[in-house]
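The numbering of the sequence shown is the numbering used here, which starts it at 4 and goes up by one. Cβ atoms here follow ideal geometry from the backbone N, Cα and C, with glycine treated the same way. A quick note: this is a predicted structure, and the numbers were derived from the prediction, not measured. Scroll down for the structure; my scribbles are underneath it.
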Amino acid sequence: MNIKDLENLKDGQQVIELTGWVDNIRDHGGLTFVDLRDFTGLIQLVFDKSGDVDTKLKNEFYITINGTFKKRDEALINDKILFGDYEIEVTDLIIINQSKTLPFQIEDSIETDENIRLKYRYLDLRRQPMKVNIMTRSNTFKSIRSIMNQLNIFEIDTPTLIKSTPEGAKDFLVPSRKSPSNFYALPQSPQMYKQLFMMSGFPNYYQIAKCYRDEDSRKDRQPEFTQLDLEFSDASPELVKSKVEEIVKFVFSDAYDCKIKTPFNTLTYEEAINFYGTDKPDLRIEEKIFDITDIFTDTSINFLNDILSSQGSIKALHTKELLTRKQIDDLDTEIKELGSNGLGWFKIEDTNISGPLAKLLNDNEKSKLLSYGSGTLLFQAGIIKEIANFLDVIRRTVFQPLNNDVYSFVWIEDFPFFEVEDGELQPSHHPFTSPKSNEIFKDDPTNATALHYDLVLNGVELGSGSQRINNPEIQTLVLEKWGLSKEEISERFGWFIEALSYGTPVHAGFAIGIDRLIAEVLNQPSIRDVIPFPKTQSGLDPLTNAPANIEEEVLEEYNLKYINKDE
Ligand code: ASP
Numbered sequence: 004m005n006i007k008d009l010e011n012l013k014d015g016q017q018v019i020e021l022t023g024w025v026d027n028i029r030d031h032g033g034l035t036f037v038d039l040r041d042f043t044g045l046i047q048l049v050f051d052k053s054g055d056v057d058t059k060l061k062n063e064f065y066i067t068i069n070g071t072f073k074k075r076d077e078a079l080i081n082d083k084i085l086f087g088d089y090e091i092e093v094t095d096l097i098i099i100n101q102s103k104t105l106p107f108q109i110e111d112s113i114e115t116d117e118n119i120r121l122k123y124r125y126l127d128l129r130r131q132p133m134k135v136n137i138m139t140r141s142n143t144f145k146s147i148r149s150i151m152n153q154l155n156i157f158e159i160d161t162p163t164l165i166k167s168t169p170e171g172a173k174d175f176l177v178p179s180r181k182s183p184s185n186f187y188a189l190p191q192s193p194q195m196y197k198q199l200f201m202m203s204g205f206p207n208y209y210q211i212a213k214c215y216r217d218e219d220s221r222k223d224r225q226p227e228f229t230q231l232d233l234e235f236s237d238a239s240p241e242l243v244k245s246k247v248e249e250i251v252k253f254v255f256s257d258a259y260d261c262k263i264k265t266p267f268n269t270l271t272y273e274e275a276i277n278f279y280g281t282d283k284p285d286l287r288i289e290e291k292i293f294d295i296t297d298i299f300t301d302t303s304i305n306f307l308n309d310i311l312s313s314q315g316s317i318k319a320l321h322t323k324e325l326l327t328r329k330q331i332d333d334l335d336t337e338i339k340e341l342g343s344n345g346l347g348w349f350k351i352e353d354t355n356i357s358g359p360l361a362k363l364l365n366d367n368e369k370s371k372l373l374s375y376g377s378g379t380l381l382f383q384a385g386i387i388k389e390i391a392n393f394l395d396v397i398r399r400t401v402f403q404p405l406n407n408d409v410y411s412f413v414w415i416e417d418f419p420f421f422e423v424e425d426g427e428l429q430p431s432h433h434p435f436t437s438p439k440s441n442e443i444f445k446d447d448p449t450n451a452t453a454l455h456y457d458l459v460l461n462g463v464e465l466g467s468g469s470q471r472i473n474n475p476e477i478q479t480l481v482l483e484k485w486g487l488s489k490e491e492i493s494e495r496f497g498w499f500i501e502a503l504s505y506g507t508p509v510h511a512g513f514a515i516g517i518d519r520l521i522a523e524v525l526n527q528p529s530i531r532d533v534i535p536f537p538k539t540q541s542g543l544d545p546l547t548n549a550p551a552n553i554e555e556e557v558l559e560e561y562n563l564k565y566i567n568k569d570e
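Pasting the structure below:
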């Protein structure tokens, strides 16, 4: 029997073969108290001294007991736990298995290094908070499958040994023994396959898909992650967005017992950058960035003049409180580390303005600045794209969310088709995204907009999707404008362009990052806390020691060999 089954027992009844782990042992004079834990709960066992239990048992031994279910004395009731008003007087004990000394205690809060927790993840997962995280994950999958069945969306799987699906990261490669010198790639997403389903005539598709991206791990990134992947035929962005809202609303209510409001708000990319400095705004923070360029058109502050004459603008945030010098200096250091020239600021107190630039203000500028009222005006000057990131950091550092328990969803749309990364054009989503206007894309691809939409929750990018290109010529053009040569297009994507050429329906889709969703709902600091067996920040698995060295003879079978192995 398990601990939850004790609910059916009354005071004085027999407990038969209750099994679980020793959670805690306490010695009290003539009696030994042992907390027994299983997946369903915790109960106190009472042993009399005659059995020497305190020397026989240790934490995490796996045991079975028989005994009597007994109401505790009034003074000993613990109403914080499920069976805190009962205990079991043990008559028989069988030790099923012993435990070595633990690397850390199985307690709710521990201060153990994450590498150790991951090395012994199977023990870490015995801890109650981790159990809650993993069960929330399991419930999320269950709810997703339930709403998918209700909406009649088909679960279809796609291969994981593939050629390559570009999503802006590097591929994980798998060498092929049967075809030495050739490699499979693990999918960065099932993107092209889900589009093929639409070409094959399926009206829709979903998959709880593993995706692999070889990029730096961060708190919200893992080399291997899980997404709810969706695609719909004859679909527009509006249709996809309304399906996603329906799915998210159901999962929140079914798996998290939380009602959320739909439809979600929408911002254009430009609005998001202008008002929040980021395309992932946390709208629980009320304060927005505003433009103060007009105040400084006749300024005698030289650096502002220079910026304004090279098409820059001045963007500001206003705190009602007067920030301390230390707060200002810390913020200044933080944004300088990110590349800002420094934090501009004025302190406004009644009719007085102070700050390093205050002496240079003329009367007109002063009176306009005073109209913002007492507080601190923080600003950045430059081209908005270049200063947005600093403004985002300032906003998130000086202002707090009004309410931390709220889920604030927002759609971001009208992204630029291309962004420049390390001097190279990259599609801001992926190269299968349809331009908003093919004509504008043909004329000026670097200024074209994409039919790409992101869903942001509390400042975290929860998912992305787009209307897809369904015309082989436009697909080829997009790949050309991305910078691929005719040969590269044919070698990497020829098969896909061929597939688009046989009457492809209009189609669109989306993917929701399941790990991020759960981490956000459970307010966890990192997605690693909601993934059963995650990799460390450097992409390693301390439990199995993957990735591992391969013996040279094995490599030979793949026609591979190490260069400078010891470097
Ligand atoms: N393949 C995209 C991604 O993984 C999602 C999509 O466009 O549907 O982000």
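Practice prompt. Thinking Glu158 and Leu105 are a contact (beta carbons under 8 Å), I'd like their distance in whole angstroms, please.
Written response: The residue labelled residue 158 in the question sits at position 155 within the sequence shown. The residue labelled residue 105 in the question sits at position 102 within the sequence shown. In fact, because the Cβ distance is near 40 Å, the residues do not count as touching under 8 Å.
| request: Could you check if Ser370 is buried or exposed, using at least 16 other CB atoms within 10 Å of its CB as the buried criterion? | output: In the sequence shown, residue 370 corresponds to position 367, counting from 1. Around the beta carbon of Ser370, a 10 Å sphere encloses fewer than 16 other beta carbons of the protein chains shown; the residue is thus reported as exposed.
Taking the CB atoms as reference points, tell me whether Glu10 and Ile46 lie closer together than 8 Å.
As a working note, residue 10 is residue 7 in the sequence shown. As a working note, residue 46 is residue 43 in the sequence shown. When the beta-carbon positions are compared, Glu10 and Ile46 stay at least 8 Å from each other.
### Message
Using C-beta distances below 8 Å, list every residue in its chain close to Gly486, excluding the 5 sequence neighbours before and after it, in chain order.
### Response
The residue labelled residue 486 in the question sits at position 483 within the sequence shown. If we look at Gly486 and ignore the five residues flanking it on each side, its Cβ neighbours are Glu427, Leu428.
Going by DSSP in three states, Tyr561 sits in which element: helix, strand or coil? As a first step, residue 561 is located in the sequence shown; it is residue number 558 there, counting from the start. Reduced to three states, the DSSP call for Tyr561 is coil.
Check for me: the alpha helix (DSSP H) holding Gln330 runs from which residue to which? Here residue 330 refers to the residue found at position 327 of the sequence shown. Its alpha helix (DSSP H) spans residues 328 to 340.
**Message:** Could you pull the DSSP bridge partners for Glu289 from this structure?
**Reply:** In the sequence shown, counting from the first residue as 1, residue 289 sits at position 286. Answer is none; Glu289 lacks a bridge partner.
**Asked** How big is the Cα-Cα spacing for Gly347 and Phe382?
**Response** Start at 1 with the first residue of the sequence shown, and residue 347 comes out as number 344. Start at 1 with the first residue of the sequence shown, and residue 382 comes out as number 379. Their backbone Cα atoms lie some 5 Å apart in a straight line.
For Lys73, which residues does DSSP report across the bridge? Here residue 73 refers to the residue found at position 70 when the sequence shown is read from its first residue. According to DSSP, which records beta bridges pairwise, Lys73 is partnered with Glu90.
Below 8 Å on the Cβ atoms is my contact criterion, and I expect Ala258 with Asn142 to pass it. Report the Cβ-Cβ distance as a whole number of Å. Reading the sequence shown from its first residue, position 255 is the one you call residue 258. Reading the sequence shown from its first residue, position 139 is the one you call residue 142. Their Cβ separation, rounded to whole angstroms, is 4 Å, which keeps Ala258 and Asn142 in contact under 8 Å.
ask   = Can you tell me whether Tyr279 is buried or exposed, with buried defined as 16 or more other CB within 10 angstroms of its CB?
value = Here residue 279 corresponds to residue number 276 of the sequence shown, with the count starting at 1. Under this definition Tyr279 is a buried residue.
*Rounded separation between Ile97 and Leu79 - CA only*: The residue given as residue 97 occupies position 94 in the sequence shown. The residue given as residue 79 occupies position 76 in the sequence shown. Between Ile97 and Leu79, the C-alpha separation is close to 27 Å.
Within the same chain, show all residues whose beta-carbon is closer than 6 Å to that of Thr22, passing over the 5 residues directly before and after it, in chain order. Here the question's residue 22 lines up with position 19 in the sequence shown. Within the same chain, Thr22 has close Cβ partners Thr67.
Q) Relative to the C-alpha of Tyr123, which residue among Ser316, Tyr505, Tyr565, Leu546 is closest? A) On the sequence shown, residue 123 is found 120 positions in, with the first residue counted as 1. Answer by Cα proximity: Leu546.
Between which two residues does the alpha helix (DSSP H) containing Thr322 stretch?
Numbered from its first residue, the sequence shown carries residue 322 at position 319. For Thr322, no alpha helix (DSSP H) segment is defined; the enclosing uninterrupted segment is the beta strand (DSSP E) at 316 to 322.
Please classify Arg216 as buried or exposed, where buried requires at least 16 neighbouring CB atoms within 10 angstroms. Looking up residue 216 in the sequence shown gives position 213. Burial call: buried.
Collapsed DSSP secondary structure at Lys1 in the structure displayed: The question about residue 1 has no answer, for the chain in this structure spans 4 to 570.
Task: Strand pairing of Phe50, partner residues [DSSP] - done: In the sequence shown, counting from the first residue as 1, residue 50 sits at position 47. Beta-bridge partners assigned by DSSP to Phe50: Thr35.
Margin query: Once the 5 residues before and after Tyr375 are set aside, which same chain residues still bring their CB inside 8 Å of it?
Written below: Along the sequence shown, read from residue 1 onward, the residue named residue 375 stands at position 372. Result list for Tyr375: His321, Ile351, in chain order.
From this set, Asn473, Val463, Glu424, which residue's C-alpha is nearest Thr449's C-alpha? The residue labelled residue 449 in the question sits at position 446 within the sequence shown. Considering only alpha carbons, the answer is Glu424.
- Query: Would the region 263 to 270 and the region 147 to 165 be scored as touching if the rule is three or more Cβ pairs under 8 Å?
  - Reply: Proximity of the region 263 to 270 to the region 147 to 165 falls short of the contact definition, fewer than three beta-carbon pairs being nearer than 8 Å.
CB contact flag (Ile295, Ala319, <8 Å): The sequence position of residue 295 within the sequence shown is 292, counting from 1. The sequence position of residue 319 within the sequence shown is 316, counting from 1. Yes, Cβ-Cβ distance for Ile295 and Ala319 is below 8 Å.
Practice task
In the DSSP assignment, find the alpha helix (DSSP H) that holds Ile397 and state where it starts and stops.
Solution key: Taking the first residue of the sequence shown as position 1, residue 397 is located at position 394. Unbroken alpha helix (DSSP H) run through Ile397: 387 to 401.
Margin query: I need the boundaries of the alpha helix (DSSP H) containing Tyr123, first residue and last residue.
Written below: Your numbering for residue 123 matches position 120 in the sequence shown. Annotation: Tyr123 is outside any alpha helix (DSSP H) and is labelled neither H nor E by DSSP.
Just the C-alpha distance for Leu364 and Gln314, rounded to the nearest angstrom, thanks. Taking the sequence shown and counting its residues from 1, one reaches residue 364 at position 361. Taking the sequence shown and counting its residues from 1, one reaches residue 314 at position 311. The straight-line gap from Cα to Cα measures roughly 21 Å.
query: Mapping DSSP to helix, strand and coil, what is Gly23?
result: Here residue 23 refers to the residue found at position 20 of the sequence shown. DSSP places Gly23 in strand when its eight states are reduced to three.
- prompt: the ligand ASP heavy atoms versus the CB of His433: any closer than 7 Å?
  reply: Counting from 1 along the sequence shown, the entry for residue 433 is found at position 430. If you check the C-beta of His433 against the ligand ASP, you find a heavy atom less than 7 Å away.
Heavy atom of the ligand ASP within 7 Å of Glu422 beta-carbon: Residue mapping note: residue 422 aligns to position 419 of the sequence shown, counting from 1. No; taking the cut-off as 7 Å, the Cβ of Glu422 has no heavy atom of the ligand ASP nearer than that.
For Ser370, which beta-bridge partners are listed by DSSP? Counting from one through the sequence shown, the residue named residue 370 turns up at place 367. Note: Ser370 sits in no beta bridge, so no partner.
Here's a check: name, in chain order, each residue in its chain whose Cβ is nearer than 8 Å to the Cβ of Gln131, leaving out the five neighbours to either side.
As a working note, residue 131 is residue 128 in the sequence shown. Only Asp111 meet the Cβ criterion.
Checklist entry - Under a three-way DSSP split, which group does Thr379 fall into? => result Here residue 379 refers to the residue found at position 376 of the sequence shown. Reduced to three states, the DSSP call for Thr379 is strand.
Report all residues from its chain with a CB closer than 8 Å to the CB of Ser467; omit the five preceding and five following residues, and keep chain order.
-> Locating residue 467 in the sequence shown gives position 464, counting from the first residue. Here the set comprises His432, His455, Tyr456, Asp457, Leu458, Phe513, Ala514.
_Is it buried or exposed, Gly70, if we count other Cβ atoms within 10 angstroms and call 16 or more buried?_
For this step, residue 70 is matched to residue 67 along the sequence shown. Answer is buried; the Cβ neighbour count reaches 16.
* Asked: Can at least three beta-carbon pairs, one atom from the region 243 to 263 and one from the region 220 to 227, be found at a separation below 8 Å?
  -> Because the criterion of three Cβ pairs below 8 Å is not met, the region 243 to 263 and the region 220 to 227 do not touch.
ask   = Going by the CB atoms, is the gap between His510 and Asn548 shorter than 8 Å?
value = Within the sequence shown, residue 548 is the residue found at index 545, counting from 1. Within the sequence shown, residue 510 is the residue found at index 507, counting from 1. The Cβ atoms of Asn548 and His510 lie no closer than 8 Å to each other.
If you reduce the DSSP assignment to three classes, tell me which class Phe299 lands in. Taking the first residue of the sequence shown as 1, we reach residue 299 at position 296. Looking at Phe299 - three-state DSSP - the assignment turns out to be helix.
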